[in-house]
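Worksheet: one structure, shown below.
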Amino acid sequence: MMSVRRDRHAPNGIEGTLNADGERRHRVGRFEGKTAVVTGGSSGIGFATAKMLAREGARVLIHGRREETVKEALTQLPPGTHAVVGRIERLADIDALMETVRRELGGLDILVLSAGVLKVATLDSVTEDDFDEIFGVNVKAVFFCVQRAAPLLNKGSSVILISSGAAELGRVGRGLYAASKAATRQLARSLAAELVHKGVRVNAVSPGPTLTRLNMVATRSKEEQAVFLGKMVPLGRVGMPEDIAHAIMFLASDEASFILGAELAVDGGWRQLGEVPPPAQK
Ligand SMILES: NC(=O)c1ccc[n+]([C@@H]2O[C@H](COP(=O)([O-])OP(=O)(O)OC[C@H]3O[C@@H](n4cnc5c(N)ncnc54)[C@H](OP(=O)(O)O)[C@@H]3O)[C@@H](O)[C@H]2O)c1
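Going by our numbering, the residue at position 1 of the sequence shown is 2; the numbering climbs one at a time, nothing skipped.
Okay, structure coming up:
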């Protein structure tokens, strides 16, 4: 477990711009003055979310498993962005993450729990290690991150869990992943109930097929995988990490202040329309 930080070039870590008089001004955005933590913030949906939050003014801390991907992500985030490397399923690492949050950010307004793993294995081939990793990262870590973050969450803060449309499907080889994501969706309800008295909202986003490292197939190029996944989606294209990040931003914002314990599907119609409908007959 280690902590990484880029050099600060701005006092609050937000990139400044120069106005006509040469004075440094900071970008004003929806999340100006807010603090945010994004687990899985080094890749895919989490990384896209971290970039958007920072662009809209939040002071951001990303968490990821591998030091090299975290360092690479930091090069594309504003100076002053914090990062912590660790195994999110380990309670000691979660505690170390929250201690860094307390020390560097003070409190927390936005918590996005995007770290997740997908393993495709049929019933006869799933191992105990597979089970423990999938439920460790996708369920245990979500629960304990919220438990350990709770004392740091400010009134009016927003916690966003990432479930999946896959939670509603029985598919060969993906049973454990689907069960873990169904648990995540349920945690959004029960954790919302636990924290509503503190003025904290917990909600879930359920992406459909999205072009990230999680579901890349080694034998296919990124372009081929985009076409493959896009064919599953009624809207006719694969989701991009930014499509999901936009929904997370909405749930994190005050515009979603009446939304609690809910699930927002962001899937191009994948779980809403079922099979991709055939082209209309003329
Ligand atoms: N992509 C999809 O089609 C899709 C669809 C529905 C739901 N989702 C969900 O969306 C979330 C984000 O996934 P993604 O598609 O953006 O995948 P991704 O690009 O593979 O990102 C996964 C992130 O989780 C981190 N992570 C994995 N295991 C970890 C561990 N043990 N400890 C700490 N960090 C760990 C990874 O860190 P490293 O990079 O350092 O390994 C990475 O930052 C996941 O919860 C996933 O289940 C994805």
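Note that beta-carbon positions come from the ideal geometry of N, C-alpha and C, so glycine has one too.
For this session: Consider the C-beta atom of isoleucine 161 and the heavy atoms of ligand 1; say whether any pair is separated by less than 7 Å.
Result: The residue you call residue 161 lines up with position 160 of the sequence shown. Ligand 1 never approaches isoleucine 161 closely enough for any of its heavy atoms to be under 7 Å from the residue's Cβ.
For this session: Helix, strand or coil for serine 159, going by three-state DSSP, please let me know.
Result: Numbered from 1 along the sequence shown, position 158 holds the residue referred to as residue 159. Per DSSP, reduced to three states, the secondary structure at serine 159 is strand.
Exercise. Cα separation between phenylalanine 32 and phenylalanine 251?
Worked result: The residue labelled residue 32 in the question sits at position 31 within the sequence shown. The residue labelled residue 251 in the question sits at position 250 within the sequence shown. Distance between the alpha carbons of phenylalanine 32 and phenylalanine 251 is about 11 Å.
Exercise. In three-state DSSP terms, what is glutamate 24?
Worked result: Numbered from its first residue, the sequence shown carries residue 24 at position 23. Its pLDDT being 40, under 50, glutamate 24 is placed unreliably in this model, and the value from its coordinates should be taken loosely. If DSSP states are grouped into helix, strand and coil, glutamate 24 belongs with coil.
For this session: Please name the residue, chosen from Ile249, Asp255, Gln273, that lies closest to alanine 49 on a Cα-to-Cα basis.
Result: Translated into positions along the sequence shown, residue 49 becomes position 48. When only C-alpha atoms are compared, the closest one is Ile249.
For this session: Taking 8 Å as the threshold, find out whether the stretch 202-211 comes into contact with the stretch 144-163 through three or more Cβ pairs.
Result: Verdict: yes, contact present.
For this session: Could you pull out every residue in the same chain whose Cβ sits closer than 6 Å to the Cβ of glutamate 264, ignoring the five residues on either side in sequence?
Result: Within the sequence shown, the letter at position 263 stands for residue 264. Excluding residues within five positions, the ones whose Cβ falls inside 6 Å are Arg186, Ala205, Ser207.
For this session: Pick out whichever of Lys223, Gln148, Gln226 has its Cα sitting closest to the Cα of alanine 193.
Result: For this step, residue 193 is matched to residue 192 along the sequence shown. Proximity to alanine 193 across Lys223, Gln148, Gln226 peaks at Gln148, based on C-alpha coordinates.
Problem set entry | Simplified DSSP state of aspartate 110, which is helix, strand or coil | Taking the first residue of the sequence shown as position 1, residue 110 is located at position 109. Note: aspartate 110 maps to strand in three-state DSSP.
Exercise. How many angstroms separate the CA atom of arginine 221 from the CA atom of leucine 177?
Worked result: Residue numbering aside, residue 221 sits at position 220 when the sequence shown is read from its first letter. Residue numbering aside, residue 177 sits at position 176 when the sequence shown is read from its first letter. Answer to the nearest angstrom: the Cα atoms are 24 Å apart.
Exercise. Helix or strand or just coil, what does DSSP make of serine 126?
Worked result: One-based indexing of the sequence shown puts residue 126 at position 125. Three-state result, serine 126: coil.
For this session: Pull up the distance between the alpha-carbon of glutamine 273 and that of arginine 104, whole angstroms please.
Result: By one-based count along the sequence shown, residue 273 stands at place 272. By one-based count along the sequence shown, residue 104 stands at place 103. Rounded to whole angstroms, glutamine 273 to arginine 104 spans 43 Å at the Cα level.
For this session: Please determine if the stretch 64-72 and the stretch 34-48 are in contact, where contact requires at least 3 C-beta pairs separated by less than 8 Å.
Result: Counting Cβ pairs under 8 Å, three or more are found: they touch.
Exercise. How many Å lie between alanine 266 and arginine 67 at the Cα?
Worked result: For the purposes of this step, residue 266 is identified with residue 265 of the sequence shown, where counting begins at 1. For the purposes of this step, residue 67 is identified with residue 66 of the sequence shown, where counting begins at 1. Each residue's alpha carbon lies about 29 Å from the other.
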